[in-house]
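So the protein lines, in turn, are chains U and E. Just so we're aligned, residue 1 is where the first sequence starts under this note's numbering, counting upward by one. Just so we're aligned, residue 1 is where the second sequence starts under this note's numbering, counting upward by one. In this text, a Cβ means the ideal position worked out from N, Cα and C, and glycines have one as well. Comments concern the structure below.
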Amino acid sequence: MIRRYLGLMALLAVLRAAGRLARIALAAAVVVAAAPVSLVAAVAVTLAWRGGWPPRRLYRAALACLPMVAVWLAAVAVTSRSAWQAAAAPYHAWLSSWHQVAAGSAALAAATIAPVAIPLGLAVGGLAWSRRIYVMETGTGGIFPTSPAAFQARQWRHQVRTARARIAAPGSVPLVSRRGAIVAGAVIRTSGHGAADLAMVPYQRLRSHQVVIGTTGTGKTTLLLRLWAGFLTQGLQLHAAGAGRRPLLVVLDCKGGADSRRVADRVRRVLRGAGARFTAVWPDEASLSLWELPPAELTTTLLDMIEHGTGSAAYYTDVMEAIVDLAVGAPGGPPASAAEFLGRLDAGWLGLGYAGPGHGEEAALLRSASRHVPDIALRFRTLFRRLGPGLDGPGSYGDADAWYCILEGTADVAAAESQARALVDLLAHYAAHGPGTGREILLAVDEFSAVSRRLPIWQLYERARSLGLAVQVSAQSWQGLAPDDDDRYRLAATADGGIWLLRTPYPEPVTALAGEQPGLDTSRRLLGVPRWGHEGSSRVREAPVADPALIRRLDVGQAAYIYRGGVTFVQVKRLVAAPAALAAAPVAGLAPPPLAEVAHRAAPPREPGPAGRAGGPHLPEAAGVSGLGAEPAAEVTALLDEAFGPEPG
Amino acid sequence: MPGSRDMLPLALLFGLCLTTGAWRYPVAACRAADCLSCTLAGRVWHRYLPRVACHLPCVASSWCSGLVDASAGTTDATTASGRLTERDIAALLFVADMYAVQLDQLAAVLRVTQARARAIALGWRRAGYAESARLGPGLPWFWLTRSGLSACGLPYRATSPALSRLAHLRAVSAVRLALAAAPAYAAAGAFWRGERRLRARAGGRVGLREHIPDAEVHWPDGAPVGFAGECWAIEAELTPKTVARTAAIMHEILARTGDYGCPAGQAQVPGAPPRHARVVYLCSAAALPTVARARAALPGAAGRVEIRSLPPGADLDGPPGRAGGRAR
């Protein structure tokens, strides 16, 4: 009995083994019989694995080959004048290819079977690659339980390598796509978004609020530059086509210092290439006039620029507001400069200003608060001294296509906060009442943490849409977005243009905004170290769409774009600016400047020149410039005399 | 042929690759080599290309030239066939650089009669390249539209001339024409770099406290003149400023070392050679005394400031038809 049972068991095992061998043999026969297709499929899967491609790319390649198949079939039908021959052409090609291989003509065989084998092989390869990805994502593939994780990590590396290769290819990543979308770079991986080669952000999405978070050195400025240049390029193109208003970019760089100046120079050169004719750098090279605000707004802005106390100090706030209101709304009209405003903060001046009939109430108010006027004047004098001349005009946002405003948020936080407040108020007024109503404005606040304490940008955020104003806030971390969590969530949750995340140590609050998607947890039975079986169980769980661990590991120049419950990982393409203008080459024989002179360049307090003359360096004589003596001067005179006549007496 | 059918798939595959590449990169192909399609009218192979792409190689030679020789090229086949002659291109570039010109100055540029200049400008208008209007008493003004500037490949903002600047624009154009009429100018191949181009080059330098001259004249190295290699600043002064302001402008121009649009730190570098070897002031009778006094206030550099009267026809209300024609 036992022998018969054992015999039966052995028979079953043999049958199972035979069945398995038969299946393998059958599969091998099919693979060998369809060798051209198998070969193409194998190559396709290898390429997809190496490049980290999605299966869709192989399917798309197969579809792209269909015109070739159609032309081939049509050519066969025309030459043979038989539809049946055309239908049987794939079979005949397959048969001919084997004969040609047997005859030693491998290249001819490949050419014969290519119209059939290439599309079919690509499709088969896509199916195989899709199945491979599926089993790895569900955790059911691989030899070891850690294989899926290793596969994902390897695929990330491959995808990054492919994306880097794509952005390195000249001309492969334009700034603006044919459809007018801004191209941020090459796609590494998507989740919840459609697969694509290039990460494109529609122009209209840049017209919505966006948030950018990334620590220093992760490529945040590069990303922002690309977005700004894309905004200006597409905006100017739409404006030129009569399909949109003229764009205006205003950047508040709240970090300050020499680094901001370098960035400003780079921004100017990049935007110049993007089509911006004028990029004003405030306050170094251009100014704005705070005094163009209407009196009521001017009073509010001036008061907001001064930090006030609370509690009993609120009394002084009220007194200050009353005095500022009197100074701004004096019968002669609002002040036109800081000096004029400070001149008005004088009890005598205000007394004279409101001495006329009809100003009894203001005069009474002045009498009760006159002893505080010198203190208020002192505070504003100090404020204006710290702010510098940048807000004292002349100038308006309408003067340039882009403004790069440098706020010394690192060196002087209080002054930067006041400047930011004034600049934003000016921009809001420009957008709401000035010529800015006819422009599409993007306000980008970089390093927002430096001024987030006193700049209520979320107020502007919520009403900006109606003003045609989009706000882009960037910070180094989640905590740098706003002073408290309510404001942070308010900023992030209303960023309907999307959130850009670069490497940051605490991405969870932002990744949570991307939502979750169903995922599979699969367990596998341990058969003994180090063997795991393929039996186990799976359960559905909710996994974050944007993996926080992946964002923590992002490399320089990589960003995650979170939008509408999906995320796209992007390798940002760096915009190369035109080279900076070089100074003229030194004249031969001219000695290099001494060190004292170099130091003088760094700190150029010039001594005033003679009366009636502008100060500055000594102006060389004509002969010293050209080095040609009196002859060229005579020749110049002759030329000018010929063109314009002699010099008038 | 027995084997021809077997080679057919390979030939088809190869042909598909070729045709796909050619359609994907037409502009690059056009710019990469001497494309016959750009030069042989009537055999426009890439008729779908943007017009600028096909015209850029043609414009390049005129664009680089500082000479105003708009009369070169055919004289009558201007725009009748819808194509631009070299004369048109040179004149369009002149108009673009000068913001706007009046009819008599345009005729001087084209070296034709005013009636003929009007007909040529009408062709530009029909092509959408130019706009014209009578902006005040006198002859009509012509300026380029956005389409015209785009066709010229110039990054300027298309705008009609401001009424307040008409007199100045006319004066500067007259200065350029008068200077270009001098034989030494043509012989040297000098290059006129107008204020519009300087501002375009300067990019984001608006609201700066720096002054941009009305033009620069570059004398190429190796030119047969004694001042070859120099760069001159040109200032047309119609109305008198204060002496201090004029002297400050002179000082700024003469002390400048960097090009317009360079980083602020390179604008005035002590020890570096100045950008402008001299500044030429073309003054109206009203502005002449002020400019002379301002020059006297700069004793160190008075030799680098040349003062002349504006050429005849520079006045907005001056006799038409004489602009650019020097009283010889």
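Figure out for me which residue from the options has the closest Cα to the Cα of residue i.
i                 : options                                : result
Gly128 of chain E : E:Arg134, E:Trp143, E:Arg116           : E:Trp143
Ile441 of chain U : U:Ile2, U:Ala450, U:Ala431, U:Arg205   : U:Ala431
Arg179 of chain U : U:Trp478, U:Gln155, U:Gln237           : U:Gln237
Leu407 of chain U : U:Ser105, U:Leu252, U:Ala181, U:Leu95  : U:Leu252
Ala199 of chain U : U:Gln100, U:Thr190, U:Leu206           : U:Thr190
Pro650 of chain U : U:Pro115, U:Thr79, U:Arg531            : No statement about residue 650 of chain U is possible, as the shown extent of chain U runs from 1 to 649 and does not include it.
Ala196 of chain U : U:Gly185, U:Gln479, U:Arg379           : U:Gly185
Ala168 of chain U : U:Ala638, U:Gly645, U:Leu575, U:Arg131 : U:Leu575
Glu86 of chain E  : E:Ala115, E:Gln114, E:Gln105, E:Ile120 : E:Ile120
Leu288 of chain U : U:Asp325, U:Ser396, U:Val373           : U:Ser396
Can you give the Cα-Cα distance for residue i and residue j, rounded to whole angstroms?
i                 : j                 : result
Tyr5 of chain U   : Ala18 of chain U  : 20 Å
Arg245 of chain E : Val112 of chain E : 41 Å
Ala89 of chain U  : Tyr134 of chain U : 35 Å
Glu297 of chain U : Asp304 of chain U : 10 Å
Arg170 of chain E : Leu316 of chain E : 6 Å
Ser132 of chain E : Leu501 of chain U : 52 Å
Val280 of chain E : Pro220 of chain E : 18 Å
Ile213 of chain U : Ala41 of chain U  : 42 Å
Leu225 of chain U : His239 of chain U : 21 Å
Arg613 of chain U : Arg134 of chain E : Note on Arg613 of chain U: pLDDT 34, under 50, position unreliable in the model; the coordinate value appears next. Rounded to the nearest angstrom, the two C-alpha atoms are 42 Å apart.
Ala149 of chain U : Thr494 of chain U : 35 Å
Ala35 of chain U  : Ser147 of chain U : 29 Å
Arg20 of chain U  : Ala10 of chain U  : 15 Å
Ala633 of chain U : Ala130 of chain E : 41 Å
Trp291 of chain U : Gly497 of chain U : 33 Å
Arg379 of chain U : Leu238 of chain E : 46 Å
Ser130 of chain U : Lys220 of chain U : 34 Å
Ala327 of chain U : Ile376 of chain U : 11 Å
Arg295 of chain E : Arg165 of chain E : 25 Å
Pro67 of chain U  : Ala241 of chain U : 36 Å
Thr162 of chain U : Gly557 of chain U : 14 Å
Val69 of chain U  : Ala117 of chain U : 10 Å
Gly436 of chain U : Gly52 of chain U  : 47 Å
Bridge partners of residue i, per DSSP?
i                 : result
Tyr5 of chain U   : DSSP, once it has assigned bridges, lists no residue as partnering Tyr5 of chain U.
Thr85 of chain E  : Thr85 of chain E pairs with nothing; no bridge assigned.
Leu26 of chain U  : In DSSP, Leu26 of chain U forms no bridge with anything.
Pro247 of chain U : U:Glu440
Arg189 of chain U : U:Phe569
Pro544 of chain U : U:Glu516
Gln73 of chain U  : Note that residue 73 of chain U is Leu in the sequence shown here, rather than Gln. Partner(s): none; Leu73 of chain U has no beta bridge.
Ile182 of chain U : U:Val176, U:Val201
Gln210 of chain U : U:Gln472
Asp446 of chain U : U:Asp253
Val101 of chain E : E:Phe142
Arg278 of chain E : E:Trp232
Which chain A residues sit within Cβ distance under 8 Å of residue i?
i                 : result
Ala127 of chain E : In the structure shown, chain A cannot be found, because the protein chains are U and E.
Considering only heavy atoms of the ligand ATP, does any lie closer than 6 Å to the CB of residue i?
i                 : result
Gly536 of chain U : Questions concerning the ligand ATP fall outside what the structure shown contains, since it holds no ligand whatsoever.
Three or more C-beta pairs closer than 8 Å, one from the segment 122-142 of chain U and one from the segment 534-552 of chain U: is that the case here?
yes
Would you call the segment 270-282 of chain U and the segment 382-402 of chain U in contact, with 3 or more CB pairs under 8 Å?
yes
Would you call the segment 329-336 of chain U in contact with the segment 312-321 of chain U, where contact means no fewer than 3 C-beta pairs closer than 8 Å?
no
Assess contact between the segment 116-129 of chain U and the segment 39-58 of chain U, defined as three or more Cβ pairs (one per stretch) separated by less than 8 Å. Is contact present?
yes
Kindly provide the ranges of any alpha helix (DSSP H) runs that are 4 or more residues long and lie completely inside the segment 105-167 of chain U, ordered along the chain.
106-137
Three or more C-beta pairs closer than 8 Å, one from the segment 212-223 of chain E and one from the segment 170-182 of chain E: is that the case here?
yes
Of all the alpha helix (DSSP H) runs that stay within the bounds of the segment 249-327 of chain U, which reach a length of 4 or more residues?
257-274, 295-305
For the segment 508-519 of chain U against the segment 554-574 of chain U, do three or more pairs of beta-carbon atoms, one drawn from each stretch, fall closer than 8 Å, so that the two count as touching?
yes
Count Cβ pairs between the segment 140-157 of chain E and the segment 177-195 of chain E that sit closer than 8 Å; are there 3 or more?
no
Suppose only complete runs of 3+ residues qualify. What are the beta strand (DSSP E) ranges in the segment 186-272 of chain E, listed by chain order?
191-194, 215-218, 231-237
Tell me, please, whether the segment 162-180 of chain U touches the segment 223-233 of chain U by the rule of three or more beta-carbon pairs shorter than 8 Å.
yes
Does the pairing of the segment 436-450 of chain U with the segment 248-267 of chain U give three or more beta-carbon distances under 8 Å?
yes
Entirely within the segment 456-538 of chain U and at least 3 residues each: give me those beta strand (DSSP E) ranges in chain order.
469-475, 499-501, 516-528
Does the segment 259-267 of chain U come into contact with the segment 374-393 of chain U, if we say contact requires no fewer than three beta-carbon pairs (one atom in each stretch) closer than 8 Å?
no
Does the contact criterion of 3 or more C-beta pairs under 8 Å hold for the segment 303-312 of chain E versus the segment 280-292 of chain E?
yes
Runs of 4 residues minimum, wholly inside the segment 383-415 of chain U: which ones carry the alpha helix (DSSP H) assignment?
none
Stretch pair the segment 445-454 of chain U + the segment 407-421 of chain U: three plus CB contacts closer than 8 Å:
yes
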